[in-house]
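Right, one structure below, let's go through it.
Numbering (UniProt numbering), first residue to last: 1 to 481.
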């Protein structure tokens with residue numbers, strides 16, 4: 001076997017497998033290395049996103065939403081169903097089947113583009129031959145050495161825990177264990193009211209768990225436009241999520257069958273009295289850390305910052321010639337689609353093409369119900385930086401398609417420059433916000449004005465009309481509100 005390649009990609013998550021495919025499409029002889037294993041100890045392409053992140057969480061969100069709607073909402077549509085029962089095992093089987101389909105899909109693409117896949121742990125040996133970097137792959141005590149002129153590091157991230165509280169995926173859960181519970185916990189505690197905490201909390205609340213979310217910050221979803229985050233807080237707490245802000249965790253005691261947490265709620269307890277609560281499970285969702293350990297990157301002198309992120313420039317080039325890093329191991333938001341865009345950019349940069357990423361046009365979504373989606377600047381950002389702006393808002397309550405769907409909570413909010421009318425930010429809380437946001441991304445990317453969106457014909461009835469109406473409302477000419 002020829003062990004010399006043009007490009008070696010370390011990691012087969014969203015950034016890594018996309019970088020591998022684009023490199024191969026551009027004519028490079030490409031290898032990809034990944035060490036992920038499924039429960040049967042077989043390789044499973046797709047990284048955290050496919051195996052224990054984006055895909056399984058959205059699968060369970062969809063299933064749990066069906067379950068809750070069947071119980072509580074179908075009678076409004078004239079559908080009467082009695083004796084509804086939860087089959088959690090079947091739900092998990094469906095989730096696992098979707099994962100396997102995605103695993104198989106990536107493997108099919110690797111074969112299609114003749115990408116050589118190696119299952120194992122990759123490290124730099126520190127040796128360079130004629131500008132080719134040597135990579136060691138270890139799997140079950142077997143060692144392989146391969147080389148390439150270009151290396152793309154795409155090793156992703158791991159869940160962050162507290163120093164004295166380790167994940168056992170039984171009582172103390174990361175996202176992995178929280179998506180694999182075989183019984184619905186009676187009382188689930190989640191530390192961290194971010195994307196992962198809210199999504200996983202929503203899943204288990206819908207399935208019958210009493211969910212408490214403890215958030216250290218006094219602000220809820222401070223990365224979201226403030227008006228949207230306030231709306232989200234009200235809707236999610238009304239659904240039954242017990243979200244407690246401004247919390248200080250004093251102690252976590254792990255017993256054989258439960259967890260005891262001592263905390264202070266600084267928002268409501270003037271004397272900062274310690275509250276003691278007992279839970280069946282604890283999900284720690286306080287962020288993620290880059291997976292840059294055990295790569296031996298010190299052997300090649302790769303520079304990292306104080307938080308172990310690999311330092312890169314706008315092209316994702318490291319300080320070492322022909323070595324790139326993308327995705328969760330570098331600066332910027334830890335989003336799968338951000339990693340994918342960087343993977344494409346790097347492959348094209350290696351081929352000599354010019355490609356850049358506009359981080360201002362990078363959307364993010366929280367798949368709660370209603371969904372939350374955002375791109376561009378928030379209103380609080382514009383105020384802080386003294387940027388003059390106009391606001392257009394349209395509620396889904398006035399949208400015909402939302403009424404048909406029975407999902408009228410939420411709104412579309414558009415911020416535009418007061419002088420030029422260029423769209424500065426679009427923020428959505430409502431049905432299918434994850435799909436609607438792409439129109440907003442295009443508007444930001446091409447520096448469209450609110451008038452551009454207002455003049456575009458949108459299908460009726462459709463949720464997208466809410467975006468058009470929000471744009472029209474900037475000049476107080478919204479038709480249906």
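The beta-carbon is built from N, C-alpha and C at its ideal position, and this holds for glycine as well.
- Under DSSP, residue 371 forms a beta bridge with 430.
- If the five residues before and after residue 335 are omitted, its C-beta is found closer than 8 Å to the C-beta atoms of 362 and 364, all from its own chain and listed in chain order.
- Rounded to whole angstroms, residue 224 and residue 17 show a C-alpha spacing of 30 Å.
- If you draw a straight line from the Cα of residue 448 to the Cα of residue 29, it comes to about 40 Å.
- Taken atom to atom, the span from the alpha-carbon of residue 378 to that of residue 436 is near 17 Å.
- For residue 478, there is no enclosing beta strand (DSSP E), since its DSSP letter is neither H nor E.
- For the pair residue 274 and residue 201, the Cα-to-Cα distance works out to about 24 Å.
- By the Cβ test, the stretch 151–159 is not in contact with the stretch 79–86, since fewer than three Cβ pairs between them sit closer than 8 Å.
- Around residue 109, the same chain offers 21 as residues with beta carbons nearer than 7 Å, after the five sequence neighbours per side are excluded.
- If you look at residue 288, you'll find it in the beta strand (DSSP E) that goes 288–290.
- Counting only runs of at least 3 residues, the stretch 235–303 fully encloses the following beta strand (DSSP E) elements, listed from N- to C-terminal order: 242–244, 247–254, 259–265, 274–279, 281–284 and 288–290.
- Residue 164 sits in coil when the DSSP states are folded into three classes, being neither helix nor strand.
- Here residue 91 is buried. Its C-beta has 16 or more other C-beta atoms within 10 Å.
- Across the set 374, 95 and 67, the C-alpha of 67 shows the shortest separation from the C-alpha of residue 85.
- In the DSSP assignment, residue 133 forms a beta bridge with 128 and 148.
- Shown here, residue 103 sits in a helix according to DSSP, grouped into three states.
- Residue 221 places its beta carbon 9 Å or farther from that of residue 191.
- Residue 460 and residue 470 have their alpha carbons spaced roughly 15 Å apart.
- Put simply, the backbone Cα of residue 69 is about 29 Å away from that of residue 468.
- Taking one beta carbon from each stretch, the stretch 326–343 and the stretch 162–182 have fewer than 3 pairs nearer than 8 Å; the two do not touch.
- Separation of residue 6 and residue 102 (C-alpha to C-alpha, rounded to the nearest whole angstrom) is 27 Å.
- The stretch 110–121 and the stretch 274–287 do not touch, with fewer than three beta-carbon pairs separated by less than 8 Å.
- By a beta-carbon distance limit of 8 Å, residue 310 contacts residue 329. Their separation comes to about 5 Å.
- Going by beta carbons, residue 262 and residue 253 fall inside the 9 Å limit.
- Annotated as proximal: residue 424 and residue 389, with beta-carbon spacing under 9 Å.
- Contact between residue 407 and residue 431 holds: their C-beta atoms lie close to 4 Å from each other, under 8 Å.
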